[in-house]
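Here is the structure we will look at, set down as structure tokens.
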Amino acid sequence: MPVFKYPVPRLAAQAVSDWSEELGAHLGCPAVEVRERSEAVMRFPLETVRMELMDGSSVEFRCAFFIVSDTKKAVAVFTEHCGHHVFPYHEAKVFIDGRLVYEQ
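Residues in the sequence shown are numbered from 1481 upward in steps of one, following this note's numbering.
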């Protein structure tokens, strides 16, 4: 994994590492390939992911996809330009282009 000086790339790289098994399953490749070549294997759809969280907060990302992990009790959102983010999944809702696709 490359070493990054600044927080956003460093945290994004950490999310890839932490979620490599789930990303591999989502992307159809081995987790080790995700960890070693994430830039090459990650493809971002032209979709908007909107998350609504239990406290009424919401966040929206373009060119993104999400993965839910019951084990981690979290939803990770991977974006092309705005880093990767992990949110608690308790009472979360995820929308793709305005359509509800996941509700915990």
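Beta carbons are placed, not taken as given, at the ideal position from N, Cα and C, and that holds for glycine.
- Distance between I1547 and R1523, taken at the CA atoms: about 14 angstroms.
- For the pair A1495 and H1564, the CB atoms are nearer than the 7 angstroms cut-off.
- The segment 1566 to 1573 and the segment 1507 to 1520 do not touch, with fewer than 3 CB-CB distances between them shorter than 8 angstroms.
- CA-to-CA, the gap between F1575 and S1549 works out to about 17 angstroms.
- In this structure R1517 is exposed. Its beta-carbon is surrounded by fewer than 16 other beta-carbon atoms within 10 angstroms.
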